[in-house]
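Written out below as structure tokens is the structure these notes cover.
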Amino acid sequence: MSPMVEGLFQPLFPTSFLPLHPPPSSSSSPLHVPPPLKPKTPNNGFISRCYKRVCSQSLQLEAAQYSGLSSASISESYFPLPDWTRLIQFSIESKDLLLAQAIHGSLVKSSCEDAVFVDNNLVNVYSKFSKMADAQRVFDGMRVRNTVTWTTLMKGYLKNGDFESVFHIGREMYNLGEKFNEHTCSVVLQACKSPEDDIYGEQVHAFIIKNGLEDNVVVATSLVSMYSRSCQLGNAEKVFNGITVKDVQCINYMILEYGKAGLGHKAFQVFVELLNAGFKPNDYTFTNAISARDSSVGLYEGKQLHGLAVKYGYMGETPLGNALITMYGQHGMVKEAERMFVEMNERSLISWSAILSVFVKNGYAKKALNLFLDILENGVYVDSGCLCIILDGCSECNNLESGIQIHGLATKLGYASDVNIGTALIDLYAKWGCFRSARVVFDRLPSKTIASFNAILVGYLNSNFENEDSMVFFNNLRFNGVRPDSVTFSRLLSLYADQACLVGGKSLHAYTIKMGVEAESAVGNAMITMYAKCGSIQDAYKIFSTISHDCVTWNAIISAYSLHGEGNKAILLFEHMKEEGFPPDEITILAVLQACNYSGLWENGISLFNEMETKYGIKPVIEHFACTVDLLGRAGKLSKAMDFIRKSPFVDSPLLWRTLVNACKLCGDLEIGTSASKKLLDLAPNDASSYILVSNMYAEGGMMEEAAKVRTAMNDLKLIKETGSSWIEVDNEVHFFIASDRDHPESREIYANLDLLRDEINSGLIAHSCSDNLICKDQECCD
DNA sequence: GTAGGGTTAG
4 MSPMVEGLFQ PLFPTSFLPL HPPPSSSSSP LHVPPPLKPK TPNNGFISRC YKRVCSQSLQ
64 LEAAQYSGLS SASISESYFP LPDWTRLIQF SIESKDLLLA QAIHGSLVKS SCEDAVFVDN
124 NLVNVYSKFS KMADAQRVFD GMRVRNTVTW TTLMKGYLKN GDFESVFHIG REMYNLGEKF
184 NEHTCSVVLQ ACKSPEDDIY GEQVHAFIIK NGLEDNVVVA TSLVSMYSRS CQLGNAEKVF
244 NGITVKDVQC INYMILEYGK AGLGHKAFQV FVELLNAGFK PNDYTFTNAI SARDSSVGLY
304 EGKQLHGLAV KYGYMGETPL GNALITMYGQ HGMVKEAERM FVEMNERSLI SWSAILSVFV
364 KNGYAKKALN LFLDILENGV YVDSGCLCII LDGCSECNNL ESGIQIHGLA TKLGYASDVN
424 IGTALIDLYA KWGCFRSARV VFDRLPSKTI ASFNAILVGY LNSNFENEDS MVFFNNLRFN
484 GVRPDSVTFS RLLSLYADQA CLVGGKSLHA YTIKMGVEAE SAVGNAMITM YAKCGSIQDA
544 YKIFSTISHD CVTWNAIISA YSLHGEGNKA ILLFEHMKEE GFPPDEITIL AVLQACNYSG
604 LWENGISLFN EMETKYGIKP VIEHFACTVD LLGRAGKLSK AMDFIRKSPF VDSPLLWRTL
664 VNACKLCGDL EIGTSASKKL LDLAPNDASS YILVSNMYAE GGMMEEAAKV RTAMNDLKLI
724 KETGSSWIEV DNEVHFFIAS DRDHPESREI YANLDLLRDE INSGLIAHSC SDNLICKDQE
784 CCD
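Just so you know, we're using my numbering here: the first sequence kicks off at 4 and counts up by one.
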């Protein structure tokens, strides 16, 4: 018999009186002389109160059998063994720890001989109540243990998230030569949570095969789960396909894993096979299948599953409703998602979170915020997941103020060190210009994930002056064992691109190859832009030609050629893009417009702008208008540009007028320039850069008096323009500079070289060089 | 005899 659990029943059973092991049977042992079962009322002690509770509930039959026990017989005698088990089981079912403890106390007193079986039950009961110290104490005190004892204890640690203990016990069990069975295997497999545990998982799999357990559907399901967790879906599939007698639960599991892996079509296929094999899907089957989607399994399949779930009568199940809300939300069907939510019988916090998420992801972040306030006012408990969603909502609609309040709420609710909340906060602060706050949250996070690193990178991207730091930061990340993912690389590549840091970009390129992420679309697309912005259009094209293309890839390469002033190639690529069946989006159009602009192809630009809506169904936004104004302006069509602005829906936007003034400055047209300047300063009276622009326009046109007047007006308003800066990387060192900067020790040589370059450009010595004969062979520029 | 494989949001 196990020792007494410390801290319990001290008044009743002082531990000092308790033998570590049951005393040898004596003539007086009640085991040999069972007390007579005469109907008597139990006393009013603690045990009998528990006993009464048992009587009053599901164990009435057994209770009747013992209803005659006196208080003395309860405390000093015994229940026949099966009934101890029933009592312990009952305490688990009724979630009654006190009852379990009382039974334990009573067992200690009764000193049963058949200890293993009863003690296994005690280990189980304490494990189930997450009292692992007590479970371990019972375990430690057992003289004899069997496979069930070990497995039960492991299961307890597993349920309490202590996977290391599971492995530790497993090793000890193995070293002692204790037999593993199918239960043991299943428990160890469940403890394999990270890829580092693969070795244990594989050892157990080998054991399973050796002992012919692979056809056990429970063991096989655990294997499927283990392999899925360690990203070995192929192995999971193999195990699943090898199960000769499948059941619905293992099929549900495979559907779930396919869904998690983003293989919705396979999940759907398994679902169809299940129906064809004559299985009756349960509510889990539907929940899993509806949650499993990918690009090839769309709304149609989702609706079919929804219809079938109605037919099978599972619509009352909350998780299924939650899955449907999310499914409709992911297809942008917000009304349908709302209908699912409204029609639910019962809503869990997940249901609220799901509908909040639908709103946030479909552009209704403000609606989500209002709903969230309702949730709080109604006293619904919110968890960290729900707070994350609403923080994303704040980020989505640039509502920093609410975000700060929710930060406060999260702290108050004890989620200050929650990594997901922290990441959502970093994202919010970094995106909306509070880099310092983002950094504070980041630094205070006790454990960081790659997502938190990726979120803080956005902060670095948004604040140029921190760029130098970000490289140090990235090295810290690399050397602190955090594995960068494709998001990390795409953001870092953008960072190098913005800094025009080719050396850094190249080393990052090498690193992506080493990590095997170079072919991922986000990485490849960012790489194209990095090479283009760092001056190497050849490398940009090389990347383009080796990766698979999506719309973003095309946009990246078109922008790359546009940036390099190769408008004709950009237009040609645009044609290729359409030929390959990629419909352009608004970024594509903008990139091509810019390409036309930089290459002086204003007529192509205008016709593209005119057919944006009619031919491609894309409504022009302000950036398209601004680009077109620039296009006309740089082509010297200033009155056309002015006319264009006046007819546009953005006639009162300073951006368009500023663009026109700049064009007037370049062309030296002070007449239109003056009228455009007037409009600009009316619309943006507090913007220093507008005054500078207008003043420069006059100065360059020789109207020094007007230029001075504008400067004075600006000074009177006490407007200060932030100095623009740029930088160049030479030999791994970044040099910052501003206009007319003479601080650099070699500034004399730098300016001399600049003059030389200027002369060469003017004399046409630096000719246009075509970098790429592949796409450009028919173009005049390459002739 | 006692111990075994899930569900939805982020």
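Cβ coordinates follow ideal geometry from the N, Cα and C atoms, glycine included.
Rounded separation between residue i and residue j - CA only
{"i": "P17", "j": "S233", "result": "Here P17 scores only 26 on pLDDT, less than 50, and its place in the model should not be relied on; the value that follows carries that caveat. Cα to Cα, the separation comes out at about 49 Å."}
{"i": "C58", "j": "A136", "result": "Note that C58 scores 43 on pLDDT, short of 50, meaning its location in the model is unreliable; the coordinates nonetheless yield the value given after this. Using only the alpha carbons, I get a separation of about 30 Å."}
{"i": "I561", "j": "E616", "result": "20 Å"}
{"i": "M533", "j": "S539", "result": "9 Å"}
{"i": "N607", "j": "E346", "result": "53 Å"}
{"i": "R296", "j": "L390", "result": "25 Å"}
{"i": "G671", "j": "K640", "result": "12 Å"}
{"i": "M318", "j": "V273", "result": "21 Å"}
{"i": "K249", "j": "G388", "result": "34 Å"}
{"i": "N600", "j": "N665", "result": "14 Å"}
{"i": "Q782", "j": "S602", "result": "Legend: pLDDT at Q782 = 40, less than 50; position of this residue unreliable, value from coordinates given subsequently. Near 14 Å, if we compare the C-alpha coordinates of S602 and Q782."}
{"i": "G281", "j": "D201", "result": "35 Å"}
{"i": "K581", "j": "T321", "result": "45 Å"}
Buried versus exposed call for residue i [16 or more other C-beta atoms within 10 Å across all chains shown]
{"i": "I516", "result": "exposed"}
{"i": "R486", "result": "exposed"}
{"i": "R661", "result": "buried"}
{"i": "V506", "result": "exposed"}
{"i": "D122", "result": "buried"}
{"i": "Y384", "result": "exposed"}
{"i": "M707", "result": "exposed"}
{"i": "N1", "result": "It is not possible to answer for residue 1, since the shown part of the chain is limited to 4 through 786."}
{"i": "H747", "result": "exposed"}
{"i": "R148", "result": "buried"}
{"i": "L759", "result": "exposed"}
{"i": "D430", "result": "buried"}
{"i": "V275", "result": "exposed"}
{"i": "P198", "result": "exposed"}
Span of the alpha helix (DSSP H), counted from its first residue to its last, around residue i
{"i": "R714", "result": "707-719"}
{"i": "F289", "result": "286-294"}
{"i": "E752", "result": "750-765"}
{"i": "C630", "result": "625-637"}
{"i": "V664", "result": "657-670"}
{"i": "N255", "result": "251-263"}
{"i": "I592", "result": "589-601"}
{"i": "T224", "result": "220-232"}
{"i": "H208", "result": "201-213"}
{"i": "L686", "result": "673-686"}
{"i": "N163", "result": "Per DSSP, N163 belongs to no alpha helix (DSSP H) and is neither H nor E."}
7 Å Cβ shell around residue i - same chain, five flanking residues per side excluded
{"i": "N558", "result": "I590, T591, A594"}
{"i": "M343", "result": "G324, L327, I328, Y331"}
{"i": "S766", "result": "none"}
{"i": "K364", "result": "G332"}
{"i": "K269", "result": "Y261"}
{"i": "A427", "result": "C391, L394, D395"}
Own chain residues within Cβ distance below 6 Å of residue i, not counting five before or after
{"i": "L236", "result": "A264"}
{"i": "I358", "result": "I328, F344"}
{"i": "F438", "result": "G462, S466"}
{"i": "F82", "result": "Reliability fails at F82, whose pLDDT of 43 lies under 50, so the model's placement of it is uncertain and no value is given."}
{"i": "E709", "result": "Y701"}
{"i": "F142", "result": "V126, L156"}
Cβ neighbours of residue i in the same chain (closer than 8 Å, five flanking residues each side left out)
{"i": "L372", "result": "I393, G396, C397, C400, N402, S405"}
{"i": "S642", "result": "I675"}
{"i": "K668", "result": "G676, L696, N699, M700, E703, G704"}
Residue i Cβ short of 8 Å to the ligand MG heavy atom set
{"i": "V475", "result": "Absent from the structure shown: the ligand MG. Ligands present: none."}
8 Å contact criterion, which residue i and residue j should meet: CB distance rounded
{"i": "Y203", "j": "V191", "result": "6 Å"}
{"i": "Y303", "j": "P284", "result": "Y303 to P284, Cβ: 18 Å. No contact."}
{"i": "A194", "j": "F170", "result": "6 Å"}
{"i": "A691", "j": "L722", "result": "4 Å"}
{"i": "G570", "j": "A543", "result": "That belief does not hold up - the Cβ atoms of G570 and A543 are roughly 16 Å apart, past 8 Å."}
{"i": "F653", "j": "I625", "result": "5 Å"}
{"i": "L686", "j": "D719", "result": "With 8 Å as the limit, L686 and D719 do not qualify as a contact, their Cβ atoms being about 19 Å apart."}
{"i": "V490", "j": "A441", "result": "Going by Cβ atoms, the distance from V490 to A441 rounds to 16 Å, so no, they are not a contact pair."}
{"i": "L658", "j": "H627", "result": "About 12 Å; that fails the 8 Å criterion."}
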